[in-house]
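Data first, discussion second: the structure below is written as structure tokens.
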Amino acid sequence: MQYIYYISVLLVIFAQHGQTDDGEMCMAKESCTETQQEPPTNNLYKAADNKYITLIEEALAAYKPCKSANCSCHLDVLKTDLRPFKSGITQEMIAQASSYGTRYQIVDHKLFRQRDCMFPARCSGVEHFIRPNLPKLPDMELIINCRDWPQISRHWNGQREPLPVLSFSKTNDYLDIMYPTWGFWEGGPAISLYPTGLGRWDQHRVSVRKAAKSWPWEKKLDQAFFRGSRTSDERDPLVLLSRMRPELVDAQYTKNQAWRSPKDTLHAEPAQEVRLEDHCQYKYLFNFRGVAASFRFKHLFLCKSLVFHVGQEWQEFFYDSLKPWVHYVPVPVGASEWELEQLIRFFREHDQLAQDIANRGFEHIWRHLRMEDVECYWKRLLRRYGKLVKYDVQRDEELIEIF
């Protein structure tokens, strides 16, 4: 009897622990009622997958493609920027605004400018776009800011009314009137690869697109890529992730004018700069703001790679027509290394989604940010601005004639 008792106890124990460690077998005549749980990390990845897929689907459902063949895709921005001046632009407003930029006059279809220009190449780039419009423009005065930073704060209570200052980039905290940057023609950031400054958008459109054809999606490296100077520490997490996961990310800092030691490149020797065309060999391209909006942003789309755009605050005139999750992947400022890794891994595992967004981004920039669109926006801006000027502009003899 004692022997039978021990056998019974063993059978009970075996019945309670009959499932094997890997959960693949249960005792005969019993069903496996509990499924083995995945590690928490996998659950987090699955939750993130669902979140990203939902964001993409919702963005596509709300998106209405711009079908216009001219710059009207961007004209809502112009309307918004000029709205604060609907009552007109006065001589007093121009006088108050004159310290915020370079003063220009258009009188009798000729262009005049104050003698000193802080950035001659930038002024030259601006003047290139004004020149073809002179024959049809009324007399006017403009204050054109060629600095990186906008000038007219929305929250400055010391000024009763906004001042008409034109700037290439701003955030929602500013009331500057945006114009297409000088860098579409000349005077963009100067690095060793572009010693006279990044410019000639018309030429880069051709050369980068040609490079993209040499790197179709299926041949691109399955890596995220970034090269640039350490303008701010917002770029640090991606560079640090690259050092931990080099198979996932190739992100390194280059020198800038402020570089003094490896400390300025996050304790590493500075990397070599990389041509825009050579970015096209990577599937995922990261864009960060510089001092203001990034000059490289528009170029990245031409590679037909998936653009990860960090931060939504800084704008140029064409940004509003680009939609997050439709044309690019938005990345919050301050995203951690883990969050960046999760986002990159998602698109590596959802290759078709990545390619679809990359293609939509390319098509939008290719069709709606041609040099003709830039010139069109300048024309619309100058004509609409000119209609707001409410005084007779008198030629200032201290200004020099440009054209």
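Residues -20 to -1, 1 to 383 (mature numbering (1 follows the signal peptide of the UniProt record, and there is no 0)) make up the sequence shown, in order. Glycine residues also receive a C-beta, built at the ideal position from the N, C-alpha and C atoms.
Taking a contact as a CB-CB distance under 8 Å, the pair V254 and N267 does not count as one, their CB atoms being some 14 Å apart. The residue among S222, D336, Y84 with its C-alpha nearest the C-alpha of D119 is Y84.
Beta bridge pairing from DSSP links R95 with no other residue. With a cut-off of 8 Å on Cβ pairs, the segment 307 to 315 is not in contact with the segment 177 to 189, counting fewer than three such pairs. Per the Cβ contact rule, the segment 147 to 156 is not in contact with the segment 360 to 367 (fewer than 3 Cβ pairs under 8 Å). Looking at the backbone, the Cα of P217 and that of Y233 are separated by about 12 Å.
E72 has its alpha-carbon roughly 39 Å from the corresponding atom of K303. Assigned with DSSP and collapsed to three states, V87 falls in strand. DSSP places R255 in the coil class of the three-state scheme, outside both helix and strand. Nearest to A251 by alpha-carbon distance, out of G291, S172, F65, L201, is S172. For the 7 Å CB-CB criterion, Q131 and L201 do not form a contact. Within its own chain, no residue has a Cβ closer than 7 Å to the Cβ of P100 once the five positions on either side in sequence are excluded. Nearest Cα to D372 within the set N50, L221, I69: I69. In the DSSP assignment, F266 falls within the beta strand (DSSP E) that extends over 262 to 267.
For S187, the secondary structure class from DSSP, reduced to helix, strand or coil, is helix.
Nearest neighbour of R185 by Cα position, chosen from A272, E141, H279, R240, turns out to be H279.
When the five nearest sequence neighbours on each side are left out, the beta carbons in the same chain lying within less than 7 Å of the beta carbon of A272 are those of D128, W129, S149, W294, in order along the chain. Contiguous alpha helix (DSSP H) elements confined to the segment 142 to 180 do not occur, taking only those with 4 or more residues.
A Cβ-Cβ contact shorter than 7 Å links V57 with D300.
For I69, there is no enclosing alpha helix (DSSP H), as DSSP gives it neither H nor E. A contact is defined here as three or more CB-CB pairs under 8 Å, and the segment 109 to 118 fails this definition with respect to the segment 41 to 51.
Straight-line measurement puts the Cα of V290 at about 26 Å from the Cα of K59.
Runs of alpha helix (DSSP H) with 4 or more residues, each lying fully within the segment 188 to 236, are found at 216 to 224, listed in chain order. Check the Cα spacing between F65 and each of E381, S78, H348, L368: the tightest is with L368. DSSP places H289 in the strand class (E or B) of the three-state scheme. The DSSP assignment places 317 to 329 as complete runs of the alpha helix (DSSP H) inside the segment 290 to 336, in order along the chain (cut-off: 4 residues).
Contact between L282 and A192 is confirmed by a C-beta separation of about 6 Å, below the 8 Å threshold. The beta carbon of R102 sits closer than 7 Å to the beta carbons of C126, W162, G167 from its chain, once the five residues preceding and following it are set aside; these are given in chain order. Taking C-beta atoms as the reference points, C356 and N50 count as a pair closer than 7 Å. In terms of Cα proximity to D244, the closest of I110, A231, E257, T211 is T211. Here F275 is buried, its C-beta having at least 16 other C-beta atoms within 10 Å.
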